Each structure stands twice: as structure tokens, then as C-alpha cells.
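Notes for the one structure printed next.
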Amino acid sequence: MDKENILLGAVDVYYMEYTGELPDDETIEVPENLLGETSGGTTIEYKPSYYTAKSDSGRATKTILTDEEATLKSGIMTLNGKKLAVLCSTARVEEDGNIRTVKIGGVKNYNGKKYVIHCVLNDPEAGKSTVTIVGTNEAGFSLAYQKDKETVVDAEFKANPVDNEGTLIVYKEALSTESEAGEEAGEEAQG
190 MDKENILLGA VDVYYMEYTG ELPDDETIEV PENLLGETSG GTTIEYKPSY YTAKSDSGRA
250 TKTILTDEEA TLKSGIMTLN GKKLAVLCST ARVEEDGNIR TVKIGGVKNY NGKKYVIHCV
310 LNDPEAGKST VTIVGTNEAG FSLAYQKDKE TVVDAEFKAN PVDNEGTLIV YKEALSTESE
370 AGEEAGEEAQ G
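What follows is the structure in C-alpha cells.
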């Protein structure tokens, strides 16, 4: 029987430029690919759209899936100019000595880049689970500077299909090993 878990904790959000293929976990889960520490949590949302044809009497109906959308929302609290460029498709990063300048805006500067966004939860009881999408931040961003609150950039990545099946979200979770399942069965029998 599959074990059901309560997932608690913040995720680490990693990114890489999408090159047409999803990288393996070991490739993307390295410190230089960490988008930043998060604040306010991370949400993955899937929304299907349906059309229902219905007769005037209501006795005959047929429903079909017409569209679907997936988004990943996260508040990024630690940031630098290079990471800001991941959140904006018109950003250009220039470095001169010890100064980094990020220029944002100009429709002609749209780079068309897509990113692999990979969220990792390491739960001590449930094990590791990951959620991966490919997309771009289509929500824009705001930088709010306040005297008594950290600046958090709210990113909203809209998912694009990652394969020829139309997959929008790839969710992976650790499965209990047979020995863990046997231990749990033994505990239940004793209880």
C-alpha cells in the first residue's frame, strides 16, 4: 500500500535555461542554480478548462477538456542582478569591474528564453519530492523597499509543455522501500 505523507517545509527553487531537454536532478540541484531563498512559500497551480454540450432537456450531455494551464508562484527573497534577468525576458546584464548593471525593458530586447524551474522539498519523514516545469515569468515583478520588511520579488512562471505528450508539470516523490513498508506493517500490527 502506498504511504500517504503530510508535506511540510519550504522548497529550494532551482533554475536552468531550457535547451529542449529536462536536466536530471543532480545537474540542476547545485548551489549556482539556486534562484534564491524564498519567502511566502511556493505554489504550483493546475487549472483545466472544460466545455459541456448539453441538450435543451438536460438529459444528454458531453464534457471535453478544452484547455489547461499550470503556473508556479514563488516569492524570491534573496536576489542579484543575474537572477533578476531570469525573471524578466527583456533584461540585459552588463558587468564592468565591480559594478553589475541590469537594464530592463524595451520590447525589442525580448530574449524568448524559457527556464526549467525545479522545486525540491526534502522532508525528513516523507523523503524528497520535486516539482519541475518549463516556462517564463509572465507576471512581471515589483521591487518594494520598506524600512521594516524585506524586499520579496513575486515570480509567476507560466508552464509550457515539456514533451510531445503536452506534460506541464513533472512531480516526483520518494517511495518507501520494502523494509520501511515492512516496519510500518509491524508497527500497525503491534498498535
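Numbering-wise, the working numbering comes out as the position in the sequence shown, counting from 1, plus 189. Ideal placement from N, C-alpha and C gives every residue a C-beta, glycine not left out. Keep in mind it's a predicted model, so treat the numbers as computed, not measured.
Next item on the list: Work out the CA separation of Glu-221 and Glu-367 for me, nearest whole Å.
Entry: Caution applies to Glu-367, whose pLDDT of 49 falls short of 50 and renders its modelled position unreliable; the value that the coordinates give is listed next. C-alpha separation (whole angstroms): 35 Å.
Check: Three or more beta-carbon pairs under 8 Å between the stretch 193-209 and the stretch 311-319, yes or no?
Finding: yes
Next item on the list: Label Asn-204 either buried or exposed according to how many other C-beta atoms from any shown protein chain fall within 10 Å of its C-beta, with 16 as the threshold for buried.
Entry: Going by the sequence as given, residue 204 is Tyr instead of Asn. Buried, because 16 or more other Cβ atoms sit within 10 Å of the Cβ of Tyr-204.
Note to self: Would the stretch 242-257 count as touching the stretch 268-282 if we require 3 or more Cβ pairs under 8 Å?
What the structure shows: no
Next item on the list: Name the one or two DSSP bridge partners that Ile-233 has.
Entry: Leu-261
Checklist line | Residue of Tyr-207, Ala-363, Glu-234 minimising C-alpha distance to Asn-310 | finding: Going by the sequence as given, residue 310 is Leu instead of Asn. Ranking Tyr-207, Ala-363, Glu-234 by Cα distance to Leu-310 puts Ala-363 first.
Notebook entry, point to check: Buried or exposed: where does Ala-333 fall if 16 or more other Cβ atoms within 10 Å of its Cβ makes it buried?
Noted result: exposed
Notebook entry, point to check: Using a beta-carbon distance below 7 Å, is Leu-261 in contact with chain C?
Noted result: Looking for chain C here will not work: only one protein chain is present.
Notebook entry, point to check: Are Lys-272 and Leu-211 closer than 7 Å when you measure CB to CB?
Noted result: no
Check: In whole angstroms, what separates the C-alpha of Ile-253 from that of Ile-306?
Finding: 30 Å
Next item on the list: With DSSP as the reference, please indicate the residues paired to Ala-348 in a beta bridge.
Entry: Paired residues: Gly-324.
Margin query: By DSSP's criteria, Met-205 is part of a beta bridge. Which residues make up the other side?
Written below: Val-305
Check: To the nearest angstrom, how far is it from the Cα of Asp-191 to the Cα of Ser-331?
Finding: 42 Å
Next item on the list: Would you mind sorting Asn-300 into buried or exposed? The rule is 16 or more other CB atoms within 10 Å of its CB.
Entry: exposed
Note to self: Is it buried or exposed, Asp-342, if we count other Cβ atoms within 10 angstroms and call 16 or more buried?
What the structure shows: According to the sequence as given, residue 342 is Val; it is not Asp. The residue is buried, with at least 16 neighbouring Cβ atoms inside 10 Å.
Item checked: Counterpart residues of Lys-297 in DSSP-defined beta bridges -> According to DSSP, which records beta bridges pairwise, Lys-297 is partnered with nothing at all.
Margin query: Could you tell me the alpha carbon to alpha carbon distance between Glu-347 and Asn-326, rounded to whole angstroms?
Written below: According to the sequence as given, residue 347 is Lys; it is not Glu. Cα to Cα, the separation comes out at about 6 Å.
Check: Which of helix, strand or coil does DSSP assign to Asn-222?
Finding: helix
Next item on the list: Kindly indicate which residue of Gly-355, Glu-345, Asp-352, Glu-354 has the alpha-carbon position closest to the one of Val-202.
Entry: Glu-345
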